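**Student:**
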Amino acid sequence: LEQKVIFYEVKRQAKDINLDILKDKAEHFFQATGKFKKFDIGYQGLSMEDM
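Each residue of the sequence shown is one higher than the last, beginning at 2 in our numbering.
#1: Using C-beta distances below 8 Å, list every residue in its chain close to residue 38, excluding the 5 sequence neighbours before and after it, in chain order.
#2: Taking DSSP as the reference, what is the three-state secondary structure of residue 37?
#3: Can you check which of these residues, 17, 52, 46, 50, is closest to residue 8 by C-alpha distance?
#4: Report all residues from its chain with a CB closer than 8 Å to the CB of residue 14; omit the five preceding and five following residues, and keep chain order.
#5: Could you check the C-alpha separation between residue 5 and residue 40 for me, to the nearest Å?
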């Protein structure tokens, strides 16, 4: 079993995806929960084009 966490940002338009903001949100999540810090972490953006 892989210990991997992937955070996604979903926007209607791909140009509006900002992975830096997503990383900041993920950091707040880690601070609030204290979980998943030892997991491999990934970040990905999705838009309507991906549907």
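By construction, the Cβ of each residue, glycine as well, lies at the ideal position given by its N, Cα and C atoms.
Being a predicted model, the structure only gives us computed values, none of them experimental.
**Tutor:** On the basis of the data shown:
#1: Residue 38 sits at position 37 when you count from the first residue of the sequence shown. Hits under 8 Å: 31.
#2: Residue numbering aside, residue 37 sits at position 36 when the sequence shown is read from its first letter. In the three-state DSSP reduction, residue 37 falls in the coil class, being neither helix nor strand.
#3: Start at 1 with the first residue of the sequence shown, and residue 8 comes out as number 7. Ranking the options by Cα distance to residue 8, first place goes to 46.
#4: Taking the sequence shown and counting its residues from 1, one reaches residue 14 at position 13. So the qualifying residues of the chain are 48, 49.
#5: By 1-based counting over the sequence shown, the position of residue 5 is 4. By 1-based counting over the sequence shown, the position of residue 40 is 39. Their backbone Cα atoms lie some 5 Å apart in a straight line.
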